[in-house]
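Participant: Be aware that the sequence shown starts at 0, since it is given in numbering that gives the first Met the number 0, and climbs by one per residue. Got a structure here, written out as structure tokens. Questions coming.
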Amino acid sequence: MINLEYEGDTAKYLTDLLQLNDVVGYCGLPFRTHVARKLPKQIIRLVYSAGGNVPEDDDEFVKAIATAGRLYEKMLANAGTGYTAKAKAYKQKNFTQDKHHRNQHSQHPFGIDQSLINQRKANAAACLRCGRDNHKALMCYAKKDLDGRQLPPAPTKNPPSTVAALKRPAEEDTTDEEDLELEQQPPQKVAKISGLSEELPIFVESSDSDSDF
């Protein structure tokens, strides 16, 4: 009886327990304590929830354990089924989305029909976009393929707006540095420097020689 363990079936456990107890003769608090220790804690909690306490009569205790055990095992079965169904549905949804995503990219690389891509692969063409052999697809800017079919617009590496955006910060940084140098100089020095061009006379070399005097 001491070695008897609960294996997920409350009815079987109680049947085996009562048969062994006919020989051992456990009763009262020792019997109820032994059963409570062998069963999952959730079953004992369900007994408390149903009656507000654990029955002190052994027969009532066994009946309460049997009822709580059936409920506990049913909850486990439903929870497992629900979890499995949700996990399966989630996995199927992700698989479908991933497959659709892969198909989109495999059917239209570079905006070209997949059958043409396969044909160019079979022909060992260097460019899968237009079918020519003198460049790769990433460097292809042809408007028509080798058979005269119109091609989708080729992607640009650096559009004009990008180039202008890259140049603008450099020009702005140069202007900012010059302004910063003037700001860091003392006010008097700035005034003197800015006034030099106005105060200094401009000497112009005469074209006449000194022999005229």
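Glycine residues also receive a C-beta, built at the ideal position from the N, C-alpha and C atoms.
Identify the residues that DSSP records as bridge partners of residue 149: which are they?
Facilitator: In DSSP, residue 149 forms a bridge with 143.
Participant: Is residue 162 helix, strand or coil when you go by DSSP?
Facilitator: Model confidence at residue 162 stands at a pLDDT of 46, short of 50, so the residue's coordinates are unreliable; what they give is reported in the following sentence. Correct three-state label for residue 162: helix.
Participant: Excluding sequence positions up to five away, which residues of its chain have a Cβ less than 8 Å from the Cβ of residue 18?
Facilitator: If we look at residue 18 and ignore the five residues flanking it on each side, it has no Cβ neighbours.
Participant: Would you tell me roughly how many angstroms separate the C-alpha atoms of residue 23 and residue 3, rounded to the nearest one?
Facilitator: Going by the C-alpha atoms only, they are around 13 Å apart.
Participant: Once you ignore the five residues that flank residue 193 on each side, which residues in its own chain have a CB closer than 8 Å to its CB?
Facilitator: Any reading at residue 193 is ruled out, since the residue's pLDDT is 49, under 50, leaving its predicted position unreliable.
Participant: Could you have a look at residue 131 and say whether DSSP puts it in helix, strand or coil?
Facilitator: Coil at residue 131, not helix or strand.
Participant: State the Cα-Cα distance for the pair residue 71 and residue 37, rounded to the nearest angstrom.
Facilitator: Going by the C-alpha atoms only, they are around 15 Å apart.
Participant: Taking DSSP as the reference, what is the three-state secondary structure of residue 51?
Facilitator: Here residue 51 sits in coil by DSSP.
Participant: Do you know offhand how far residue 105's Cα is from residue 111's?
Facilitator: In this predicted model, residue 105 has a pLDDT of only 47, less than 50, meaning its place in the structure is not dependable; the value taken from the coordinates is given anyway. Answer to the nearest angstrom: the Cα atoms are 10 Å apart.
Participant: When you compare only the Cα positions, how much space is there between residue 35 and residue 43?
Facilitator: Each residue's Cα considered, the two are about 7 Å apart.
Participant: How many angstroms separate the CA atom of residue 201 from the CA atom of residue 138?
Facilitator: Residue placement at residue 201 cannot be trusted, given a pLDDT of 49 that sits under 50; what the coordinates show is reported in the next sentence. Their backbone Cα atoms lie some 60 Å apart in a straight line.
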